[in-house]
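Chains as they are written, first to last, in the numbering used here: chain R, 1435 to 1730; chain V, 1435 to 1730.
Please read the structure below before turning to the comments.
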């Protein structure tokens, strides 16, 4: 059974952390104000606004901020302030601490944060939350869904989805994944989560269809997809199409057929304006256009 | 001992093949004319000018062209007409034929062709040639070095190289590698060549330093670099730098130090105007600015 963090309600304590790229002070301040106004207690990691090369502080400092937040019993949730690049550089540092004795907390983020979703799923089987970051616009309704999901108020999503290779109408399975580029950058390492029995959730930004094909081929040839139950594709922002209509849809149709699994396309999560929060690692039922949390 | 193809001399038979992207007919015709004028016999793969989506024919056809050329005793060398993307899609097709009984031929190309270098090294321990493709400008002296290397006339290269982490002055080892993005796309699959005891040769185009860092981290975390002897970096075309001077050099310096190996930077091979041909899989000695083939 995956380990679910306790729900985050107003009054709960949110820690803002920067595990990767340098964060925008103004954007994060605005988010902090909005969350505070909503009744949350919001604190900052020690290096939230640090800069080192292209990172929010050196690897050791960013890892320590995350370990501090995880081991602080007063912190209920960790909202990652930004993706960018750099979360993967924390993993060898995180590996030095055994977190199996720590109670899981709500972890929220996407894009480069896919590394941390993968880490806490592969190492500790935690349920984590794929959704906006601290730099996201928290005035948007679709961003504020995060708080409804983390509190347990929202447990279903109705989306307009296309289906490729519809060999199954519904699937009940944990969803794992995140950003395709970031997930694929973990193939061959100890940190790629086990996708057997799962629905693979993916989204992408600024990658041409041929690159998306290359990444899916790597996952395929590495055996990572051999027992997945299905694919849900979120946003594909600035991802082609290329010459001769070769598109993300072309690629997904072919991969779904090769695997003999259905693929739902267009779930509003990822780098678009809409970034609905979903729990990763927890069982969800997808049935037509509806996705519902299946209670344990 | 790696399997070396027999040398290619004028009069030898060169087959032009397109294993990946759609090729430019005029560029390839010009190369064919120049090679013919030099006294070579030049033939074309059946699907050299085919088009399917973004590929030079479907996967099966491109794989068959390669298998046909390999099994034809009249063909001495295979010059790949273009990289682009798509060589990786041939591998499951190639795997259906046992090529261990086939005499190795000179295989020449770079960029996406890195997949085929990796394949013939990991599966059959062939020496293959990292150098220009059929679409390259064969009027350039640096392209025509390919013919001198394939004939055995040229066995050394003098380059102006920077050195990072100079813990060794010289290394005698086989070089393996190619394009970083393409090599990294094989991590976790059966097709990544064993780099233990090797010098890792890399080049890149159009990838930001943070992406180069991400790929090298994947190779590191997957254990692919744990026993390499050194790194030689070729061209880095349109690869940054990024904010705060974070550059390919920054990344390589840190990786070389982490591994405790030297890194030579600036060997003129890859996507720049200069693309010197080097044998991969064969022992080379690198000593200061000089690289020399070590005869078996």
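Even glycine gets a Cβ: it sits at the ideal position worked out from N, Cα and C.
- If you draw a 10 Å sphere on the C-beta of residue 1555 of chain R, you find 16 or more other C-beta atoms in it, and that means buried.
- One alpha carbon belongs to residue 1604 of chain V, the other to residue 1633 of chain V, and they sit about 11 Å apart.
- Every beta strand (DSSP E) of 3 residues or more that sits fully in the stretch 1593–1655 of chain V is shown, in chain order, as 1596–1598, 1604–1613 and 1633–1639.
- If you ignore the 5 residues before and after residue 1475 of chain V, its C-beta comes within less than 8 Å of the C-beta of 1445, 1446, 1447 and 1448, all in its own chain and listed in chain order.
- Residue 1536 of chain V and residue 1437 of chain V have their C-alpha atoms roughly 11 Å apart.
- Taking C-beta separations shorter than 7 Å and ignoring five residues to either side along the sequence, the partners of residue 1717 of chain V in its chain run 1606, 1607, 1608 and 1728, following chain order.
- Scanning V/1486, V/1658 and V/1496 for the CA closest to the CA of residue 1693 of chain V turns up V/1658.
- Against chain R, a Cβ distance below 8 Å from residue 1651 of chain V picks out 1522, 1523 and 1619.
- Contacts with chain V at 8 Å (Cβ-Cβ) do not include residue 1452 of chain R.
- When rounded, the separation of the alpha-carbon atoms in residue 1477 of chain V and residue 1450 of chain V is 6 Å.
- Interface annotation, residue 1612 of chain R: not in contact with chain V, CB-CB separation never under 8 Å.
- For residue 1637 of chain R, no CB of chain V lies under 8 Å from its own CB, so it is not counted at the interface with that chain.
- Of all residues in the stretch 1674–1695 of chain V, the ones placed with a Cβ closer than 9 Å to any Cβ belonging to chain R are 1676, 1677, 1678, 1679, 1680 and 1684, in chain order.
- Closer than 8 Å to the CB of residue 1574 of chain V there is not a single CB belonging to chain R.
- Around the beta carbon of residue 1707 of chain R, a 10 Å sphere encloses fewer than 16 other beta carbons of the protein chains shown; the residue is thus reported as exposed.
- By the C-beta density criterion, residue 1601 of chain R is exposed, having fewer than 16 other C-beta atoms within 10 angstroms.
- Interface annotation, residue 1662 of chain R: not in contact with chain V, CB-CB separation never under 8 Å.
- Secondary structure of residue 1668 of chain V (DSSP, three-state): strand.
- Under the criterion of beta carbons closer than 8 Å, residue 1622 of chain V and residue 1652 of chain R qualify as touching, at roughly 7 Å.
- Cβ proximity to chain R below 7 Å picks out nothing from the stretch 1533–1563 of chain V.
- Looking at the backbone, the Cα of residue 1500 of chain R and that of residue 1567 of chain R are separated by about 15 Å.
- Neighbourhood of residue 1648 of chain V in chain R, by CB distance below 8 Å: 1519, 1522 and 1619, in chain order.
- For residue 1487 of chain R, at least one C-beta of chain V is nearer than 8 Å to its own C-beta.
- Taking 8 Å as the cut-off, the Cβ atoms of residue 1514 of chain V and residue 1711 of chain V do not count as close.
- Annotation for residue 1484 of chain V: no alpha helix (DSSP H) segment contains it, and DSSP assigns it neither H nor E.
- Contact annotation, residue 1720 of chain V with residue 1695 of chain V: C-beta distance approximately 12 Å; criterion of less than 8 Å not satisfied.
- Using a Cβ distance threshold of 8 Å, residue 1488 of chain R and residue 1677 of chain V count as a contacting pair.
- The beta carbon of residue 1615 of chain V is closer than 7 Å to those of 1638, 1641 and 1649 in its chain, skipping five residues each way along the sequence.
- Between residue 1506 of chain R and the set R/1669, R/1479 and R/1702, the nearest pair of CA atoms involves R/1479.
- In this structure, DSSP gives residue 1461 of chain R a helical state, which the three-state scheme calls helix.
- Taking a C-beta distance under 8 Å as the contact criterion, residue 1569 of chain R and residue 1516 of chain R qualify as a contact pair.
- DSSP lists R/1448 and R/1540 as the bridge partner or partners of residue 1511 of chain R.
- For a cut-off of 8 Å, the C-beta gap from residue 1644 of chain R to residue 1519 of chain V is around 4 Å, short enough to register as a contact.
- In this structure, R/1725 is the residue among R/1452, R/1521, R/1725 and R/1441 with its C-alpha nearest to the C-alpha of residue 1590 of chain R.
- For a Cβ distance threshold of 7 Å, residue set 1652, 1655 and 1656 of chain R lies close to residue 1623 of chain V, ordered along the chain.
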